[in-house]
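The next block holds one structure in the form of structure tokens; read it before the comments.
In my numbering, the protein residues as written are 1 to 141.
Here it is in structure tokens:
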């Protein structure tokens with residue numbers, strides 16, 4: 001009887017914070033970039049969910065190796081939370097990859113714009129207008 005209580009307590013402790021995922025602002029921001037065609041899908045959330053049915057699969061897929069080992073040990077009970085954890089981890093990875101991609105694109109455009117200003121191809125007024133357009137293009141608000 002004590003072993004089963006210990007098992008349940010361990011499962012609850014292990015599952016705490018496993019599937020925190022993105023906050024509402026980050027989800028909205030990711031959806032905005034998806035709609036704009038700027039999103040990067042490094043990991044597929046559906047695959048993360050499906051792999052969560054395997055022992056530790058969702059966590060391993062989401063690069064949470066320590067949690068994957070815990071979920072492996074608590075399988076089949078981990079089926080209750082690991083699919084959600086795998087999905088959330090995939091979305092989080094995609095969010096960070098997208099933010100990096102968008103930042104790289106914006107910096108590339110701004111650098112090209114500064115080069116044009118340096119070569120006197122555009123004046124300061126044109127530079128300011130075009131810089132504002134680039135910043136607006138990659139900004140979420």
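For glycine and all other residues, C-beta sits at the position ideal for the given N, C-alpha and C. Values in this document were obtained by computation on a predicted structure and should not be read as measured data.
Can you find the residues in the same chain that come closer than 6 Å, C-beta to C-beta, to residue i, ignoring five residues on each side of it along the sequence?
i           : result
residue 15  : Caution is warranted here: a pLDDT of 49 is assigned to residue 15, below 50, making its placement in the model unreliable, and the coordinate value is therefore given only provisionally. These residues qualify, in order along the chain: 81.
residue 72  : 55 and 56
residue 106 : 138
Residue i by DSSP, collapsed to three states: which one?
i           : result
residue 132 : helix
residue 120 : coil
residue 22  : coil
residue 107 : helix
residue 140 : coil
By Cβ distance below 8 Å, which residues in the same chain neighbour residue i in space, the five residues on each side in sequence not counted?
i          : result
residue 22 : 30, 88, 91, 92 and 95
Between the beta-carbon of residue i and the beta-carbon of residue j, is there less than 8 Å?
i           : j           : result
residue 40  : residue 98  : yes
residue 51  : residue 86  : yes
residue 43  : residue 61  : yes
residue 113 : residue 134 : yes
Determine, using beta carbons only, whether residue i comes closer than 8 Å to chain B.
i          : result
residue 26 : The structure shown has no chain B; it contains just one protein chain.
Here's a check: name, in chain order, each residue in its chain whose Cβ is nearer than 7 Å to the Cβ of residue i, leaving out the five neighbours to either side.
i           : result
residue 102 : 33, 38 and 138
Practice problem: Entirely within the stretch 24-94 and at least 4 residues each: give me those alpha helix (DSSP H) ranges in chain order. | Solution: Whole alpha helix (DSSP H) segments, 4+ residues: 24-35, 45-51, 57-61 and 65-73.
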